[in-house]
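Peer 1: Here the sequence shown stands for residues 88 to 292, where the numbers follow the working numbering.
Yeah, the Cβ is synthetic: ideal placement off N, Cα and C, and Gly gets one too.
As the structure is a prediction and not an experimental result, all values here were calculated from the model.
Below is the structure I would like to discuss, written out as C-alpha cells.
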Amino acid sequence: MNNKRQILKDIFTNRIVLMGIILSSLFAILIYRLFVLQILEGDEHLASFNYKVEKTIEISGSRGNIYDCNGNLLAYNQLAYTVTLEGTEKTKEIAARRTREEGKQVDENTVRNDVIFRLITLLENNGDHAIYNLPLKVNNKGKIKFTLSGAALKRFKKDAYSIANIDSFSGKERKKAEKCLNASPEEVYEFLRTGKGGMAGSGSM
C-alpha cells in the first residue's frame, strides 16, 4: 500500500508529468474552442464575415428589342450610364487638404456632397437629369415625409443605416439600431446629408 502511495507521489511530483498534464489540458481546451467556433458557430461566423467583406454589384445585360406579332416595336434599348460613388482614402485626403486651405473643419461627407452637387450640375448642363428614388418628400407645409410605409419603409431604413440583422446587435448597439429603425423623416434626412447619428461603419458616429 505504501509502495502504491509512493509511486503516485512520485508521479505527481515529477515535473515532466505535471507539464504533460498541463499541456494536455491546454490542448483539450484548444480543441474544444475550435470545435465550438468551427462546428457549432461556424455558419454564424461565416455569414458575418461574408457580410463584411463581400460586395455584390449587379450588371444587367442588354435584353434586345421587343416586337409584337405584326413586327411593331414595343420596347427598345437605350444606352444609359450609372455613376457609383464609393468612399476611398482620396476622399479623406481631399477633406484634410481643404481643412488646411480653408482654415475650417471640412469632413468627408462635405466632400462627397460637393462631388454629388457638381455631378448633378454637370448632368443638367448637358441636358441630362438625375433620378431621385429616395422615399422622402417635402409637403406643402415644408415638412419632410416618407413616401413608403410598413415593410418597405423598414427595408429602406435598414439599407440607409447599414443594418442587415438587428438580432446581431446587443446592449447599447442594439438600442442604437432600434432607434435608427424608428427614426423620423427629419432624422433620416440629416443622417443622409451629414452621415452623423448612424451605426458604426455607416457615415460618422
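Excluding five sequence neighbours on each side, which residues of the same chain lie with their C-beta closer than 6 Å to the C-beta of Ile253?
Peer 2: Ala264.
Peer 1: Could you compute how far the alpha carbon of Leu209 sits from the alpha carbon of Asn164?
Peer 2: Roughly 24 Å separates the two Cα atoms.
Peer 1: Bridge partners of Leu223, per DSSP?
Peer 2: In DSSP, Leu223 forms a bridge with Phe233.
Peer 1: What ranges does the alpha helix (DSSP H) occupy inside the segment 239 to 279, keeping only unbroken runs of at least 4 residues that lie completely in it?
Peer 2: You should have 258 to 268.
Peer 1: What residues match up with Ala162 in a beta bridge as DSSP calls it?
Peer 2: Paired residues: Ile153.
Peer 1: Report all residues from its chain with a CB closer than 7 Å to the CB of Glu273; omit the five preceding and five following residues, and keep chain order.
Peer 2: Taken in chain order, the residues that qualify are Ile231.
Peer 1: Among residues of its own chain, excluding the 5 on either side of Val170, which ones have a beta-carbon nearer than 6 Å to its beta-carbon?
Peer 2: There are no such residues.
Peer 1: Any idea if Ile250 is buried or exposed, counting beta-carbon neighbours within 10 angstroms, 16 or more meaning buried?
Peer 2: Answer is buried; the Cβ neighbour count reaches 16.
Peer 1: Please classify Cys267: is it buried, with 16 or more other beta-carbons within 10 angstroms of its beta-carbon, or exposed?
Peer 2: When all chains shown are included, Cys267 counts as buried.
Peer 1: Give me the Cβ distance between Val275 and Ala247, rounded to the nearest whole Å; I'm assuming they're in contact under 8 Å.
Peer 2: So it is a contact: roughly 6 Å between Cβ atoms.
Peer 1: Can you tell me the Cα-Cα spacing of Val187 and Ile181, whole angstroms?
Peer 2: Reading off the sequence shown, one finds Arg at residue 187, where the question assumed Val. If you take the alpha carbons of Arg187 and Ile181, they lie about 10 Å apart.
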